[in-house]
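J.: All residue numbers for the sequence shown refer to my numbering, where the first residue is 416 and numbers rise by one.
For each residue, glycine too, the CB sits at the ideal point set by N, CA and C.
In this text, all values refer to a predicted model and were calculated from it rather than measured experimentally.
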Amino acid sequence: MKVAVSSTASGLEAQVSPIFGRCNCFVIVDTATEEVTTLENPAIGASGGAGIQSAQYIVRQGVEAVISGNVGPNAMQVLAAAGVDVYGVSSGTIAAAVAALEAGQLEALAGPSVSKDFGKGGSPGGGGGMGRGMGGGLGRGL
416 MKVAVSSTAS
426 GLEAQVSPIF
436 GRCNCFVIVD
446 TATEEVTTLE
456 NPAIGASGGA
466 GIQSAQYIVR
476 QGVEAVISGN
486 VGPNAMQVLA
496 AAGVDVYGVS
506 SGTIAAAVAA
516 LEAGQLEALA
526 GPSVSKDFGK
536 GGSPGGGGGM
546 GRGMGGGLGR
556 GL
């Protein structure tokens with residue numbers, strides 16, 4: 416089985432990325448041949464649609480499964496339409512995640528694990544602030 420894992424860096428000892436669409440790269444592992452390939456994510460800097468672009472890119476690689484920290488609704492829709500199973504892991508190395516999948520220890524996600532635009536702006540939280548801009552303005556030179 417050909418598995419794509421969203422990754423923070425190249426190789427089996429790299430960490431699984433907490434984000435899919437804007438991860439640094441994808442480590443593709445063929446569990447039958449043990450071949451490992453790292454591909455840079457062409458959508459990492461996309462102004463929009465990174466999840467869709469990343470999912471389409473991965474589907475074109477012929478993968479049968481994806482492992483990621485999180486997957487948003489747009490990417491999930493593309494992967495599901497292509498018949499690619501998606502598995503979530505919270506942390507660990509690429510090697511450990513693939514081994515867990517092979518051992519049957521990972522459950523396929525039934526839907527997206529995060530909302531749209533998760534990870535946009537380079538941070539897993541999306542970069543949106545919670546404040547209302549109503550600070551007292553102390554230090555305004557009054």
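What is the C-beta distance between G487 and G466, in whole angstroms, given that I count them as a contact (C-beta under 8 Å)?
T.: Locating residue 487 in the sequence shown gives position 72, where the first residue counts as 1. Locating residue 466 in the sequence shown gives position 51, where the first residue counts as 1. With a Cβ gap of about 5 Å, G487 and G466 count as contacting.
J.: Note down, in chain order, each residue of its chain lying with its Cβ closer than 7 Å to the Cβ of E455, except the 5 sequence neighbours on either side.
T.: Here residue 455 refers to the residue found at position 40 when the sequence shown is read from its first residue. C440.
J.: I443 to A525, Cα distance in whole Å?
T.: Here residue 443 corresponds to residue number 28 of the sequence shown, with the count starting at 1. Here residue 525 corresponds to residue number 110 of the sequence shown, with the count starting at 1. Approximately 22 Å between the Cα atoms of the pair.
J.: Please report the straight-line C-alpha distance between K417 and T452, rounded to a whole angstrom.
T.: As a first step, residue 417 must be located in the sequence shown, where it is residue number 2. As a first step, residue 452 must be located in the sequence shown, where it is residue number 37. Those two C-alpha atoms are separated by around 11 Å.
J.: Nearest CA to the CA of E517: which residue from D445, I434, T423?
T.: For the purposes of this step, residue 517 is taken as residue 102 along the sequence shown, with counting starting at 1. Of the listed residues, the one whose Cα sits closest to E517 is D445.
J.: Specify, as a first and last residue, the run of the alpha helix (DSSP H) that I467 falls within.
T.: Within the sequence shown, the letter at position 52 stands for residue 467. Residues 465-475.
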